[in-house]
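*Asks:*
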Amino acid sequence: MTEKFVPDAPLLTEEEALYVSANFRRSAWQAFLFIMPFLRPHLLRLILVCIADIAIIILNFIPPWYGTYLIDRAFPQRDWKMASTIIVLLLATTLLTQLLIAIRKFVYNYVEVRIPLDLRARMYRHIQRFKLETIDATPIGEVLFRLTVDTDRVAHTIYRILPTFTMLVQFALILGFSTYTDPVISLFVLLFIIPWTILFYWVTSISRVLDRRRLYLAEVRDSGIQQTASSFGLVKAFANERLERHKNVVRAGGAQRVAVHGYLFLVPFELVTQRILPYARQTTVFLYLSWKVVNGQMTLGTMVPLTTYLNRLNYPIERMVNFFNWVRQTMVSVERMMKILQTQPSIVDKPGAVRLTSVSGNVEVRDVTFQRQGQNPALSSVSLTLQPGKRVAIIGPSGAGKSTLVNLILRSNVPNQGAVLIDGVDVRDLEIESFLRRIGVVNQETFLFGGTLGDNLRFVKPEATDEELDTVLRSVGLGTFLDAQPNGLNQDLQSGTSLSIGQKQRIGIARSLLSDPRLLILDEPTSALDAASESEVMAVINRLSGDRAVLMVTHRLDTILDFDEIIVLELGRVAGRGTHSELMQTCPLYVELRQSYRHDTELSA
Amino acid sequence: MPDVASKDFRSTRELIRVLGRVWQYVRPYRSKFFLAILFVLLTVPLTQLAIFLTRDVANKALLAVGSTVDQRWETVLGLIGLQALFLFASSLFWIIREVLEWYCSMRASYDMRLAYFRHLLRLPLEVLRQRPPGEHLYRATIDFYSTTNSTGYFQVSNQDGYDPGVAGVIVRLVPMLIETLYSLAWGAALLSLIDPVLGIGLLVYAIPYNIAAWSMYSKIRQTQFLLRAGAESEAAVLRDSVAGMRTIKSHGRTALQRLKFITSSIAMRRENIRLLGQVVFSEHVVLWFVRWVFNCSVYIYMTLQVMHGRATIGDWLATMLLVAALVKSDLEGIDPDAPTASKPMEKVVQIIQRMRVDLVPAQRIMETLDQKPQLGDRDNPVVLNGLQGSITFEDVGLSYIEGNPALRGVSIEIQPGEFVGFVGPSGAGKSSILSVALRLYLPDQGRVLIDAHDLNDVALDSYLNQVGVVPQSTYLYDGTIADNIRFGKPRATDAEVEAVVKLTGMEDFVSRQPEGLETMIGEGSKISGGEKQRIGIARALIRDPKILILDEATANLDPISEASLSQVIAKVRQGRTVLCVAHRLKTVVGCDKIVVLKDGLIEAIGTHESLLNKSTTYRDLWIEQSNTPISSQAGSGVEGGSND
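Protein sequences, first through last, are from chains A and B. Numbering-wise (the numbering used here), the first sequence opens with residue 276 and increments by one. Numbering-wise (the numbering used here), the second sequence opens with residue 68 and increments by one.
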């Protein structure tokens with residue numbers, strides 16, 4: 276596994292940022308429409324949380340008021356009754372508040388847990404419906420990024436909408452209260468908060484630009500490490516350790532320098548926004564209130580809750596500014612996720628589709644033509660038949676339509692004309708997975724899942740016994756491999772990182788043979804192998820084809836000399852068909868392909 | 068991926084050992100580190116004294132009935148002035164401390180980074196190959212990030228923070244712990260000034276609270292580990308689902324895979340909710356209750372004291388403010404990540420728990436740094452200048468795994484300028500011979516002589532700089548085509564690069580690129596296997612090697628590219644010793660000497676013709692690779708016919 280690990284959600288790229296600013300309203304609306312369905316199932320919870328939040332805010336206002344009564348009345352007048360009432364009330368209020376907070380936390384965090392999982396499940400469902408050709412064209416790292424980082428980021432913003440909103444309510448209430456008590460206080464407060472907000476927002480914007488550069492350089496540094504880690508042998512063989520070390524110092528140093536500059540740039544603003552301005556505001560208001568108390572215009576009791584409230588002002592604004600930034604990032608994530616959700620899904624089963632319980636291996640491709648919109652036909656009038664015991668090869672230069680033909684049989688696409696019949700049933704009428712489960716498919720490269728050798732085989736036949744797995748592995752010549760595994764079938768294969776391509780390919784063949792299919796489709800099974808492994812794998816395939824129907828796409832012409840039928844495709848048309856010796860007489864393209872294939876042997880001989 | 072989830076420190080001794088190792092990197096910056104702690108010691112009393120002054124503001128000015136308005140106002144001005152002074156001074160100290168700590172931690176982590184990378188390249192190849200590249204990447208990058216980010220960094224860039232790096236586990240957490248304990252001590256002292264009962268009460272309260280917190284957080288942390296393990300397994304299912312989509316779909320197993328995903332997802336949800344239940348229960352039920360009892364007791368006690376006339380209103384006010392600064396208030400806001408959430412009393416346990424978590428990556432880093440590096444050159448090594456190119460293997464034996472030798476006593480003599488092929492079935496020891504010739508591995512027995520010098524006595528760099536290696540598949544570094552070629556000789560001039568491009572027949576390919584030699588390429592770029600191998604050969608040739616080593620250099624290529632690369636090799640072999648390992652015999656048919664290896668032993672040495680008679684392995688391979696006799700004869704017969 277070498278994909279780039281993303282430590283923090285990376286910030287927007289320059290283009291993305293520009294795009295979002297330019298289409299802000301549309302993007303925001305789109306993001307809103309996208310998010311709504313995920314909130315709907317939690318509507319009741321959200322309403323509950325909203326009510327609880329408002330109640331908590333109001334309850335939070337009460338305890339400082341008890342101070343007023345104590346200081347102004349109970350203490351000077353030695354009013355025991357009032358003092359004891361206040362204590363009882365205080366106990367009750369705090370108890371009630373805490374109860375609400377606990378309930379609210381639990382309910383809301385449930386939403387917090389659910390939303391990213393729901394988003395991910397939705398994306399997952401769609402990605403599973405991708406067509407085979409879309410899958411091949413999609414970078415894996417990017418899709419995974421959408422599924423993980425983007426969903427998390429969107430969820431993160433969604434569940435911060437509500438707290439931010441309640442913060443806003445709290446802010447308004449405090450400001451309203453202070454204005455009601457004395458408008459001058461609000462004036463003082465605004466005098467400090469407005470420049471604070473502007474400064475904070477401004478510095479945040481600048482620091483975002485700095486962050487982008489910093490993260491970019493950190494990425495360069497890390498990708499340098501990745502490159503070295505992927506080529507240790509090369510570095511050592513070239514005695515390039517010093518060069519690599521030097522490159523690393525340069526890269527790490529560059530990233531570090533930018534980090535230091537950015538940090539030092541932020542220091543004075545941090546000092547001002549985090550400490551100086553809030554302290555200055557606090558002192559000014561305190562001084563003003565004291566002046567009023569000294570002059571008898573206000574009691575000390577009134578002053579106490581006021582200062583408490585005003586201290587709660589800072590955080591809401593910080594939150595709102597940050598929230599705005601989150602929203603911007605979220606909109607990009609939504610865009611990206613939408614792009615994936617808009618990809619056209621593959622063909623869906625018809626209602627009442629035929630569920631196959633067995634496949635005998637009779638396949639008829641009847642005169643199919645396939646053409647993507649606005650392109651030349653990828654296949655025109657191609658026919659072929661397969662029956663048990665018959666081996667058919669499809670060859671041709673790249674772009675001839677070999678894979679397209681296989682994709683039609685697997686119903687990744689449906690032909691514009693003609694039909695593909697499986698045991699006499701049109702593939703369009705099949706429940707496609709019931710068909711695919713009963714045939715064997717070997718791809719150009721075998722993908723191994725994380726997990727044990729057994730898991731990887733049982734993937735196609737979950738109910739297979741250990742004996743079955745053992746037999747099938749030995750039949751593809753992996754007997755010694757299996758014996759060499761310390762844990763046998765339970766050996767963790769680590770996604771195949773330590774296996775050779777030949778071993779992987781043989782595991783792929785074993786996997787396809789596990790359910791003893793009558794039909795085998797091999798899509799360039801040996802193209803990734805070297806000569807020695809190729810002949811070993813081909814020997815396995817030839818030995819095991821027996822009474823199965825075999826269809827093999829290949830460009831290794833030496834491997835198919837004794838096939839029953841070879842179909843030569845060129846630009847979507849059949850340029851020739853027959854056995855090897857027939858084609859050598861009748862098909863000039865075949866002769867040409869063979870010559871270029873043998874060319875090098877003659878050269879070196 | 069390293070097993071992040073399940074690791075934890077069981078033994079305190081190991082914890083202290085890792086801390087000690089990290090300290091070695093912090094040590095050079097210790098003056099700044101101690102200065103930062105000094106500023107912590109200054110900041111804490113200032114902020115608490117500022118709060119404490121409120122008592123005098125209330126008692127001596129606001130409630131002083133005896134004095135005139137002007138006198139009272141003067142007192143207010145004086146006290147608030149003093150308070151402001153304390154606050155601003157503490158702000159200044161705070162920022163200085165932040166900068167010192169950040170700088171110190173960042174520098175120490177940076178030094179660790181460089182040391183790590185340096186050490187990594189010094190490790191023997193067999194050690195390096197024990198871990199897949201992905202894990203190397205993880206250990207060399209993610210492990211160096213600090214996880215302490217959320218505990219009070221700069222607010223402005225709190226999106227991802229200015230990471231102080233892994234050294235933060237000491238530089239950041241130790242002052243924080245000192246600050247916390249010191250605040251509690253000052254708090255207790257100031258409260259004692261108001262009423263000794265309060266000071267003692269605070270210290271007494273610390274005991275049950277911290278015991279409860281410790282047990283609660285330990286449980287939560289266990290759930291968190293489980294959760295991380297769950298997240299990793301969910302990520303693995305996702306990775307499999309996306310990367311293996313073609314396999315899943317073509318086997319008709321989408322439903323099964325979705326079931327796996329949903330299962331892991333539901334498991335995650337269950338764990339998450341469990342964690343949530345634990346957090347809410349411990350934070351908002353148990354710990355809250357202990358806190359609530361304390362907070363209410365203080366409130367009631369002080370109110371009664373004032374009512375009895377044993378304390379002033381100023382005392383009451385200052386107590387409330389001080390306690391609120393030391394212990395989490397019950398009147399906490401709604402926001403889950405409000406910065407005011409934790410106060411010194413709550414932090415003690417949190418910091419220690421955090422330290423244990425943060426030391427896990429540090430432990431992994433140290434694990435690598437403690438691995439024994441490859442043996443370097445011996446003292447006064449022989450510097451090889453003007454290599455001739457003769458190589459002699461004398462009874463060389465090598466085993467990667469004990470008791471399973473890859474080479475068992477191989478002796479070959481190679482003259483300068485010879486073209487030597489190595490063939491044999493997989494596992495015969497072909498690549499091991501090359502590894503020994505490059506001193507990537509040291510032989511267990513025998514020796515390798517280069518121009519009559521024992522390879523172990525040679526200054527390795529001086530030798531390798533005259534050797535060119537072309538592996539089976541060329542790794543492309545991110546950079547321009549020229550950069551990639553210059554990997555072989557970093558100081559090569561443009562003319563040299565162009566010459567080697569011409570030599571390897573890459574001109575067409577280069578001229579087709581939008582920016583010629585300056586076109587950016589990398590592992591992700593779409594370059595055919597043939598062109599990649601040409602870059603690999605150019606990289607080897609630019610150092611004008613006396614010895615050229617081809618390790619299956621053409622094995623992965625299609626026949627046409629293979630043929631044209633063979634031509635390039637034929638052209639450049641003049642005046643160089645060439646060692647060529649190949650699976651396909653046709654690659655080595657023209658060699659001066661072919662070495663047939665089997666099970667780590669030499670079966671035969673000779674030319675193609677002589678080997679066909681001498682070596683059964685060679686003959687078998689030859690027959691196997693010229694296809695099944697019957698059909699290939701039929702095929703070539705017809706071919707011959709059509710060619711005529």
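Beta carbons are placed, not taken as given, at the ideal position from N, Cα and C, and that holds for glycine.
1. Using the rule of at least 16 other Cβ atoms within 10 Å of the residue's Cβ for burial, across every protein chain shown, is Asp230 of chain B buried or exposed?
2. Closest Cβ-Cβ distance between Ala103 of chain B and chain A: below 7 Å?
3. Run through the segment 495-573 of chain B for me and flag every whole alpha helix (DSSP H) of 4 or more residues, listed as ranges in chain order.
4. At a cut of 8 Å, does the segment 597-615 of chain A reach the segment 765-776 of chain A through at least three beta carbon pairs?
5. Mind checking which residues open and close the alpha helix (DSSP H) that includes Val271 of chain B?
6. Taking the C-alpha atoms as reference points, what is the distance between Pro406 of chain B and Glu387 of chain A?
7. Mapping DSSP to helix, strand and coil, what is Gln766 of chain A?
8. I need the DSSP call for Leu665 of chain B, collapsed to helix, strand or coil.
9. With a CB to CB cut of under 8 Å and the five nearest residues on each side skipped, what residues in its chain are close to Val416 of chain B?
10. The alpha helix (DSSP H) with Gly777 of chain A in it runs from where to where?
11. Just to confirm, are Ser628 of chain B and Val716 of chain A a CB contact at a threshold of 7 Å?
12. So who's on the other strand from Lys660 of chain B, going by DSSP bridges?
13. Put Ser658 of chain A into one of helix, strand or coil per three-state DSSP.
14. Extract the residue ranges of the beta strand (DSSP E) inside the segment 805-854 of chain A, only unbroken runs of 3 or more that lie entirely within it.
15. Pull up the distance between the alpha-carbon of Gly693 of chain A and that of Ser678 of chain A, whole angstroms please.
16. In three-state terms, what does DSSP make of Gln650 of chain A?
17. Quick check on Trp383 of chain B: does DSSP put it in helix, strand or coil?
18. To which residues of the same chain is Val657 of chain A closer than 7 Å at the C-beta, ignoring the five residues directly before and after it?
19. Looking at Val429 of chain A and Ser608 of chain A, is the spacing between their C-beta atoms short of 7 Å?
20. When DSSP builds the beta bridges, which residues end up paired with Cys727 of chain B?
21. By the criterion of Cβ-Cβ separation under 9 Å, what are the contact partners of Thr321 of chain B in chain A?
22. Going by C-alpha distance, which of A:Ser498, A:Arg395 and A:Thr746 is nearest Met335 of chain B?
23. Taking Cβ positions, are Thr114 of chain B and Ser157 of chain B nearer each other than 7 Å?
24. Which residues of the segment 546-579 of chain B have a Cβ closer than 8 Å to any Cβ of chain A? Give them in chain order.
25. Could you check what DSSP says for Met179 of chain B in three-state terms: helix, strand or coil?
26. So, Pro391 of chain A versus Asp427 of chain A, is the Cβ gap smaller than 7 Å?
27. Say whether the segment 170-186 of chain B touches the segment 90-101 of chain B, bearing in mind that this needs 3 or more beta-carbon pairs closer than 8 Å, one atom from each stretch.
28. Around the C-beta of Phe540 of chain A, are 16 or more other C-beta atoms found within 10 angstroms, so that it is buried, or is it exposed?
29. In this structure, how does DSSP classify Ser217 of chain B when only helix, strand and coil are distinguished?
30. Taking buried to mean at least 16 other C-beta atoms within 10 Å of its own C-beta, is Ile690 of chain B buried or exposed?
31. Measure the C-alpha to C-alpha separation of Leu389 of chain B and Thr330 of chain B and round it to an integer number of angstroms.
32. What residue range does the beta strand (DSSP E) around Arg400 of chain A cover?
33. One question on the structure: do Thr727 of chain A and Gln778 of chain A come within less than 7 Å of each other, judged by their Cβ atoms?
34. Is the segment 374-381 of chain A touching the segment 551-570 of chain A in the sense that three or more CB pairs, one from each, lie closer than 8 Å?
35. Taking just the CA atoms, how far does Asp518 of chain B sit from Ala562 of chain B?
36. Let me know the secondary structure DSSP gives Leu705 of chain A once reduced to three states.
*Replies:* According to the structure data:
1. buried
2. no
3. 497-504, 527-531, 548-553 and 561-570
4. Touching, no.
5. Pro263 to Ala310
6. Confidence at Pro406 of chain B is low in this model, with a pLDDT of 48, below 50, so the placement of that residue should be treated as unreliable; the coordinate-derived value is given next. Roughly 20 Å separates the two Cα atoms.
7. coil
8. Inspection of the sequence shows that residue 665 of chain B is occupied by Lys rather than by Leu. Correct three-state label for Lys665 of chain B: strand.
9. Asn277, Ala280, Trp281 and Tyr284
10. Ile776 to Leu788
11. no
12. Beta-bridge analysis with DSSP links Lys660 of chain B to B:Val487.
13. It is a strand residue.
14. 824-828, 840-845 and 848-853
15. Their backbone Cα atoms lie some 17 Å apart in a straight line.
16. coil
17. Correct three-state label for Trp383 of chain B: helix.
18. Val640, Val643, Leu680 and Val849
19. yes
20. Chain B is shown from 68 up to 711; residue 727 of chain B falls before or after that span and cannot be answered.
21. Gln403, Arg404 and Glu708
22. A:Arg395
23. Contact flag set, yes.
24. Phe554, Gly555 and Pro557
25. Three-state DSSP puts Met179 of chain B in a helix.
26. yes
27. yes
28. exposed
29. Unreliable placement is indicated for Ser217 of chain B, whose pLDDT of 38 sits below 50; the coordinate value is still reported in the next sentence. DSSP places Ser217 of chain B in coil when its eight states are reduced to three.
30. exposed
31. 50 Å
32. Element bounds for Arg400 of chain A: not the beta strand (DSSP E) but the alpha helix (DSSP H), Trp355 to Gln403.
33. Against a cut-off of 7 Å, the Cβ pair of Gln778 of chain A and Thr727 of chain A comes out as no contact.
34. Short answer: they don't touch.
35. 31 Å
36. Leu705 of chain A carries a strand assignment under DSSP once its states are collapsed to helix, strand and coil.
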